[in-house]
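Notes for the one structure printed next.
Protein chains in written order, with the working numbering: chain E, 22 to 366; chain Z, 22 to 366; chain V, 22 to 366; chain S, 22 to 366.
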């Protein structure tokens, strides 16, 4: 058994980590920290977890939580990971951070987040935790930067095409749609039921902070700088991200070739499924699960590749991917604790 | 490993059985039947199951499906269970039926369902599968009538009070609210998104078929005939039932006594949790799980007991409860395959 | 043209007043006040109103707003109406208050709201504005206490039966279900999309503040003190209240008599429609409109009357009813500005 | 008063026409036809309309319905408009058809709808009823082809840019999201609440029938053939379409210029509102109303114009636009009967 602690256990990604880790056969939860609910039992704050760790008392003693564990998950808002990360690494612990704080080069972070990168000294050791692309690096990492929810969906959809140079690198447009849980649990006007229900809208057009994260990884895959259009939308559902992606095809590339490249790219990856051409993913098919479903077609009329990727933003887009990375780091089977299928309907 | 077959595997309760049974450590699925999708792969019809039994080809050969299994789940519409049940029992198999066909005495069935009971000869051997009340009987049964979704919530809420004679038996009012999945997967006007979304309404007032099922079991618990008011409502959500229940208290009964009776009644039951007075269950806390959460209060102003029970209608109200009964029948731990916690948010 | 001002114009009931009043043929809006958005244009804060009063600049000058109008609508949180009401009345204006501050006798308010009634000196002149019951009083009032959303639905459903002594006055149970907009626009955890979506739950069981309001009016109708059970529930929809109501019938009362009493009671009331027995109201049928739909049945098995009332909580349950009262006060046709039909689907 | 009939009055667009026309000051409804509900009263089938035309008996006598009216609205499924259109035109009536039957050249229709155009002989007289572009033509038309819901949103967003040659005509990508009411009222698996709730998915990628309609009109505006990528998505809401659109900018075009072009293009159009750069439309802001809201930005990093258009698919995308066209034809104010503001929240 490996002992883990979660720093920031009562946000949405925190409780999703709890849900997944309590099903993990080789994990023991050492401590759960919470600023808002310290001193209260988990089952009282989140009755859906009562049957597992319901009696666990939440703590605000981050140091003790780190000390008692071999692996530390950081599930805190952006900008707050530096201190606990440094603390844990100094104590020889291995860290999976779910925030954006270690995903970007310092200058890029500063440019898009309007503040200095929180812990530039640690950036060197941070490995970008998209397991399907960088599994071996993740396995050896001491500090994993767990990818953002939108980048996870966009990168899994685009990676095979970009690496195989199937598409015109300057033509990529990512139109993404997310459920409301991506906004977190802080009461905010735009997250109210009455504001978000029965309607949808774009936000952060051409300015969203996941843009440079996507571009950095695509540039790495392409071996050349990539700039993309990225538009997120808020959709009236709790979970789920769908990214619909458009890219101009390099001359002569056909659907059969694209399909083959994708099937091969993901043939050994347990959590990515390439659907047959003409089948398009529903986000509900991955509700509560760690899977990513990919649909694709080649539109001959426009000579564009159209891709769609569906994930559960709280699982593959956050906590499930964190557990997947943890499994790689700890030498466990990649899918341990992540076998749950989508809840449908 | 025990081999099981599901007759009617592609309705909502059927696929929920598949989801749960594929996580069961001691179960092997022998066959899945479907009238609508025979010949197609399960993963094609239901991509959320692709990672588990996705390659399984659906069959319409009920006889072979029964022959290959030791236990048979019947997940078909009401009125169609007689034939496969008789077939399975004659072949020495044990049967869990999710329809209403074996839940009521013949005359009661005929009176409320406007047709003769499908298999009167088998009614004698049918055990009503509310595991919390009739566990030992279920363990020895060859044919289990899995309870209806509404009755499950109402009976778990009322059983302690009725058995302990805390309430006036003639005063019981059950106001129940259900998600739309209770209506099944048949395309019908009232189940359309645009008809059910953003509104709610009562239906089947004073005439719903789950009324006699509730009354029969309450009468058994009370040892005297019980008549109740039961009103179901359709609520704009996919899963979940909440039953809010009102009953006049026998003289002098107070909240402390009621609370104690409930805690004791369910102290050994893994799937029923009595919440502390003043905490009221949300159906979302049991989304996707087999738990039933109970809230209660004694209203001194009106001298009434108010109860609320929350379940996931497709899990504890159908397929999860069926697996729970199967576990008792097969001698497995009661919670095997049912450890999944609620998905929240 | 009559000039009106809205004090508190940017909460949900405030903007619904704006929507309705801009369609009123004899109303001119004098001023809209807002604490949060003073100085901004209405159309910027609420783009759905841009085409009507979009250029109106919100003000926080309550005195000027009152001075410029003949009628003043108060659409503020409970406990804040006293001052503007006193101001307006002293200036000879007529007031329609949408809060609870003038609905209850002082002691009752204090007992249920845990604070002293805000303006005891004004309570004498306050008329309870349920137009269908107290139309003539409303017409002559200087200060109208606009009813609560839950009480509106419960009282319209119960009034004919209680006044005609059809039911046992001690047996009334009101199980009510509301959309989330009843919680207002203040960001609060329980009003978040992810907390309220895809689930429902009771709240305020046996303690909700609308209980004494319902009881006070039923007592007035019955001529004797009435105590009821009232349980509100939060349902995943934006608008709508459905109250399902149970009451024991006095000996020998049948469905025909009940139906006749209801039809007669509401025959001249433009906004209440009694549905034929067996038809049950959907809240979506009144979405955005000022109508109240009533369904009823007599359950012979239990000798109970079952009633269901559907309203849009923001229209008939708040702002629409306020306009209806205003029409009576100003001598306009009762339905002026309220002709909009429900939006379906 | 002008007499109008609706052929196919009980589908979703049919009842929305009824809702709007009953508020029209100069319209009298002559007859409402329905195949499914002939002989029943409208108020029985659709209680939300009970207060207006509730007593109107639905008929299946199309000939009489046409004969009794001066204007005829056809609100039937695609492929069924030919006969009633021919009938009405022969009798000297003026026709507004809400189906696709008169929107496309015959060969294009045949190529995309997999059947011959229903009434090639009438195509000549058909005017494409996008009032903001072709108002004068509509005013003189005898047969108006009311635009599709997706094309309405896409064309209103793109028309100013295309006509002013601001964008590279080969680079247009339209990513559209629709509520479920676009699928109509026929019970179908994909329209079930449990299938559509809490998830979203693309459909008809690169093959949707609204593609040629969009292309035909853009080609007309550009004066040269235009081919676009168009991807529709089904979103868990009843009403609303949001089209997010990407196009490469011609050299040197900046946000100020684009914004000015859009403001000027729509300055006299009552139903299109161009939002200030940085404000993005929510579909809920137009819920139930005939407005189209446009948001736009110039993304300097990618040199693309990003547009977003929000409409209510049943109003501006269907029945409201039909009434707008009718107003132009009959010489009424363009907004008569369409003054209703969006219902928010």
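Where is the CB? At the ideal position from N, CA and C, for every residue including glycine.
Closest Cβ-Cβ distance between residue i and chain V: below 7 Å?
i: residue 68 of chain E; result: no
Do residue i and the ligand MG come close, with the Cβ less than 6 Å from some heavy atom?
i: residue 298 of chain S; result: Of ligands this structure carries none, so the ligand MG is not represented either.
Could you check how far apart the C-beta atoms of residue i and residue j are, in whole angstroms? I think they sit under 8 Å.
i: residue 170 of chain E; j: residue 352 of chain E; result: About 27 Å; that fails the 8 Å criterion.
i: residue 228 of chain S; j: residue 221 of chain E; result: Contact doesn't hold; Cβ gap of about 23 Å is too wide.
i: residue 79 of chain S; j: residue 53 of chain S; result: 6 Å
i: residue 188 of chain Z; j: residue 182 of chain Z; result: 5 Å
i: residue 117 of chain V; j: residue 346 of chain V; result: 6 Å
Which partner residues does residue i have in the DSSP bridge list?
i: residue 223 of chain E; result: E:254
i: residue 313 of chain Z; result: Z:293
i: residue 100 of chain S; result: The partner list for residue 100 of chain S (beta bridge, DSSP) is empty, contrary to what the question assumes.
i: residue 375 of chain Z; result: Past the boundaries of the shown model lies residue 375 of chain Z; chain Z is included only from 22 to 366, so the question cannot be answered.
i: residue 49 of chain V; result: V:24
i: residue 196 of chain S; result: S:252, S:265
i: residue 78 of chain S; result: S:62
i: residue 95 of chain S; result: S:28, S:118
i: residue 320 of chain Z; result: Z:325
i: residue 6 of chain V; result: An answer regarding residue 6 of chain V cannot be provided, because it is not within the stretch 22 to 366 covered by chain V.
What's the gap between the Cα of residue i and the Cα of residue j?
i: residue 326 of chain V; j: residue 246 of chain Z; result: 21 Å
i: residue 253 of chain E; j: residue 62 of chain Z; result: 35 Å
i: residue 212 of chain S; j: residue 366 of chain V; result: 13 Å
i: residue 206 of chain E; j: residue 27 of chain E; result: 17 Å
i: residue 65 of chain V; j: residue 301 of chain S; result: 12 Å
i: residue 67 of chain V; j: residue 306 of chain S; result: 8 Å
i: residue 250 of chain V; j: residue 242 of chain V; result: 17 Å
i: residue 179 of chain S; j: residue 200 of chain V; result: 37 Å
i: residue 39 of chain Z; j: residue 263 of chain E; result: 26 Å
i: residue 7 of chain E; j: residue 128 of chain V; result: The question about residue 7 of chain E has no answer, for chain E in this structure spans 22 to 366.
i: residue 260 of chain V; j: residue 217 of chain E; result: 13 Å
i: residue 32 of chain E; j: residue 93 of chain E; result: 16 Å
i: residue 289 of chain E; j: residue 361 of chain E; result: 19 Å
i: residue 298 of chain S; j: residue 153 of chain S; result: 22 Å
Would you verify that the beta carbon of residue i is, or is not, closer than 7 Å to some beta carbon of chain S?
i: residue 213 of chain Z; result: yes
i: residue 221 of chain Z; result: no
i: residue 310 of chain Z; result: no
Between which residues of its own chain and residue i is the CB-CB distance below 8 Å, once the five residues before and five after are set aside?
i: residue 294 of chain V; result: 287, 312, 313, 314, 315
i: residue 46 of chain Z; result: 357, 358
i: residue 30 of chain V; result: 36, 38, 39, 53, 54, 55, 63, 79, 96
i: residue 143 of chain V; result: 103, 106, 107, 110, 123, 164
Do we get a CB-CB distance below 7 Å when we pair residue i with the residues of chain E?
i: residue 250 of chain S; result: yes
Does the beta carbon of residue i sit closer than 7 Å to a beta carbon anywhere in chain Z?
i: residue 306 of chain E; result: yes
Identify, in the order they occur along the chain, each residue of the same chain with its Cβ nearer than 6 Å to the Cβ of residue i, setting aside the five sequence neighbours on each side.
i: residue 37 of chain V; result: 335, 340
i: residue 133 of chain E; result: 230, 233
i: residue 348 of chain Z; result: 355, 357
i: residue 204 of chain S; result: 212
Starting from the C-beta of residue i, find all residues in its chain whose C-beta is less than 7 Å away, skip the five residues before and the five after it, and write them out in chain order.
i: residue 136 of chain E; result: 100
i: residue 256 of chain Z; result: 198, 199, 200, 221
i: residue 271 of chain S; result: 186, 187, 188, 189
i: residue 70 of chain S; result: 36, 39, 40, 63, 64
i: residue 320 of chain V; result: 327
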